[in-house]
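Colleague: Per mature numbering (1 follows the signal peptide of the UniProt record, and there is no 0): the sequence shown = residues -21 to -1, 1 to 539.
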Amino acid sequence: MRVPRLKAAIAVGAAAAVALAGCAQSERDDDDDASVDTDATLIFGTAGEALTLDPTFASDGETMRVSRQVFDTLIQVAPGTTDIEPALATEWESDESGTEWTFTLRDDVQFHDGTDFNAEAVCSNFDRWHTLEGVAQEPSMSYYWQQMSGGFAENEPDRSDLGDPVYESCAATDEHTAVINLTRVTSRFPSLLVLSPFAMHSPTALAEHDASNVTGSAGEPNWPPYSLEHPTGTGPFVFESWDRATQEITLVRNEDYWGEPATIGRLIFKAIPDETGRRQALSAGEIHGYDLPSPADWDTLESEGMNLGVRETPVNLLYVAFTQNANEALEDLRVRQAIAHALNRQGLVDALMPEGAEVATQFQPPNLEGWNPDVPTYDYDPERAIQLLEDAGYSEGELELSFYWPTDVTRPYMPSPRSMIELFQQDLEDVGIVVEPVSLPWSPEYLADVQAGEADLHFLGWTGDYPEAYNFIGTWFSRALPAWGYEYEELWDRMSDADQTVDDEERFAIYEELNAMIMEFLPGVPVSHMPNGLVFADHVSGVEISPLAQERFATAQIAE
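1. Within its chain, find whatever has a CB closer than 7 Å to the CB of ALA3; leave out the 5 residues flanking it on each side and keep chain order.
2. Could you give the residue range of the alpha helix (DSSP H) that holds THR183?
3. Assuming TRP471 is part of the beta strand (DSSP E), what are its boundary residues?
4. Ignore the nearest five residues each way along the sequence and tell me which others in ASP10's own chain have a CB closer than 7 Å to its CB.
5. Note down, in chain order, each residue of its chain lying with its Cβ closer than 6 Å to the Cβ of ILE247, except the 5 sequence neighbours on either side.
6. Flag this pair as touching only if the segment 183 to 192 and the segment 74 to 88 have three or more C-beta atom pairs under 8 Å; answer yes or no.
7. Check whether the segment 521 to 538 touches the segment 58 to 76, counting contact only when three or more Cβ pairs, one atom from each stretch, lie closer than 8 Å.
8. Drop a sphere of 10 angstroms on the beta-carbon of GLU64, count the other beta-carbons inside from all chains shown, and report buried for 16 or more, exposed for fewer.
9. Between GLY212 and the rest of its own chain, which residues show a CB-CB distance below 7 Å, the 5 nearest in sequence each way excluded?
10. Excluding five sequence neighbours on each side, which residues of the same chain lie with their C-beta closer than 7 Å to the C-beta of PHE218?
11. Quick check for students: name the residue ranges of the beta strand (DSSP E) that lie wholly in the segment 126 to 178, counting only runs of 3 or more.
12. If we ignore side chains and look at the alpha-carbon of each, how far apart do SER5 and GLU337 end up?
13. Taking the C-alpha atoms as reference points, what is the distance between VAL328 and ALA197?
14. Between LYS249 and LEU261, what straight-line distance do the alpha-carbon atoms span, to the nearest angstrom?
15. Flag this pair as yes or no: are the beta carbons of ASP16 and ILE489 separated by less than 8 Å?
16. If you follow the beta strand (DSSP E) that PRO505 is part of, which residue opens it and which one closes it?
17. Taking LEU527 and VAL56 to be in contact with their CB atoms under 8 Å, please state how far apart those CB atoms are, rounded to whole angstroms.
18. Is the beta carbon of MET509 sitting closer than 8 Å to the one on MET332?
19. Which value, in whole angstroms, describes the spacing of the CA atoms of THR340 and TRP124?
20. In chain order, what residues of the same chain have a beta carbon less than 6 Å from the beta carbon of GLN303, not counting five sequence neighbours either side?
21. On the three-pair Cβ rule with 8 Å, is the segment 113 to 131 touching the segment 423 to 434?
22. Along the chain, which unbroken stretches of the beta strand (DSSP E) at least 3 residues long are found entirely within the segment 38 to 99?
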């Protein structure tokens, strides 16, 4: 069997995590008076605000960052790695068919409200996800459940893209054994269970605070009380408050945590969308660290004594998506090819991204199995783009496209949306395409609109949830999605084949075939893979940097 490509990458990411923890520690060791304040408050600056406090409805990193501290999952990614380890489940195994999974649970766990965590609680959570209805079935609302199961107990009539669910049932065979039955084999189970959308919630709190009663629309949801004020998990921190005016979410240590208690007393996530504002807040001592420092500031931050932790081997992707049914011109392959040739992706990488960033050739990172060195490629070639547009019947100024981009946010794969749209708008206008830039706040308007298929072109990206090609290409190209707006049954069928192939070597070979199919069809343009990181003040240590951007803060230490 081949050594998975990601293994070398993990070593780099883990080394970065150790470096962050060790740097501050070595400095403190030189100071005889230094000690750790176990009741300290850590304030962390985030690039955006959470959408909700219920990770069931999360597809964004900020919601999941908060949720990861409050909730536990059955299984989890080990800190600083991409390895899966026990969490609320101590053991798990499947039968020979791969459709019956038995989870053995910890017997010493309670939810924050005192409700016992047991097999009935596990089944209650799975059945809740399975029976969501109404607005909760929108793609941007229950995104990860749809990725795992593909449907619900009763799909809404207007959701023709949903199919028969993979999830069938859950049974509590005893207090600490839950058996989950699937309708078919899927390579995503149980790997997806490491994610916050599959975290365990108190059944008592879910019922008391009307957790599943989401109304309104995907773009303007009316959240139930549970989503705003009462998230109740088993994690190392307990929710205290969410101040919308100051954009601060405050968590306090769970003194009855089943694992090692948090080494800080309080954790505050403060949204500061502007990266310069985050840096200034750190320099002024208003926050202890922040996410996604500008690559241009890395050297300066280190020279100032800050602790910079870099996810050096990116498991991410930035892309431009085409919504084909939003603009009939995009249904013409020649137009899609012209756009691909018009975009100077290397120029964008050189101008905006740090050393180690690279232009993407396909819709998955090269450090995951399934990457294909022989896919069709579309190098920067404006003359070729102009010719393709003419072949498709479009002279200069005749093709008009909307291009959506998000404001008030930076992402691990997207350092400067405004600069990105400026560069790519100019590239497209240079070949005669008229571009209408449309800017929307990331939360919730942008995500809702692009996922609903409102844009002709839009920026988006992905940070890997787990190290598998399907987590990238399967996320976007396994079924009809409004954000892409096309029909390609052969691709979807082949993706289903990959998902149901248990043998690793066979599945990896199918992934390579799929990557070639995708780049031939060209539903969008993969742009880049980019290193990114976190930065902390010199007296903060202990947070292990995750190559999957899944940091947990319970191990943070603040020197007095």
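Ideal Cβ positions, reconstructed from N, Cα and C, are used throughout, including at glycine.
Modeller: By the coordinates alone:
1. Reliability of the predicted coordinates at ALA3 is poor, the pLDDT of 40 falling under 50, and no value is obtained from them.
2. 182 to 187
3. Careful: TRP471 lies outside any beta strand (DSSP E), inside the alpha helix (DSSP H) at 468 to 478.
4. Note on ASP10: pLDDT 44, under 50, position unreliable in the model; the coordinate value appears next. Once the five neighbours on either side are set aside, ASP10 has no close Cβ partner at all.
5. ILE22, GLU227 and THR229
6. no
7. yes
8. exposed
9. VAL49, PHE50, ASP51, PHE90, HIS91, ALA178, MET179 and HIS180
10. LEU32, VAL49, PRO210 and LEU230
11. 146 to 153 and 156 to 161
12. Note that SER5 has pLDDT 40, beneath the 50 cutoff, so the model's placement of it is unreliable and the number below is only indicative. So the alpha carbons of these two residues sit roughly 33 Å apart.
13. 33 Å
14. 12 Å
15. no
16. 503 to 508
17. 6 Å
18. yes
19. 29 Å
20. LEU309, GLU310, GLY464 and TYR465
21. yes
22. 54 to 56, 63 to 65, 68 to 73 and 79 to 84
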